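Here is the structure we will look at, set down as structure tokens.
Below, the structure written as structure tokens:
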């Protein structure tokens with residue numbers, strides 16, 4: 181005697197009612213962990229980009245200072 185479609189649906193409904201909150205919690209934990217991992221990767225990427233940009237800025241400031249000194253020297257010589 182095989183269960184009717186209605187019996188199968190009822191059993192599925194009961195199972196989902198019991199297991200649904202656990203499944204939702206499990207999925208949410210996984211999503212949260214993925215989000216934390218993504219946030220950490222983005223943070224590392226931002227830090228690396230910041231370091232590169234700060235290095236470039238220091239180089240440009242050094243070059244600017246060097247050029248300012250050259251201008252002062254030339255101006256004092258009357259060039």
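Numbering (this note's numbering), first residue to last: 181 to 259. C-beta atoms are modelled at their ideal positions from N, C-alpha and C, and glycine is treated no differently. Please read all numbers here as calculations on a predicted model, not as lab measurements.
* Asked: Does the separation of the CB atoms of residue 191 and residue 183 fall below 9 Å?
  -> yes
* Close beta carbons around residue 242, own chain, < 7 Å, minus the five adjacent residues each side -> none
* How big is the Cα-Cα spacing for residue 185 and residue 207? -> 29 Å
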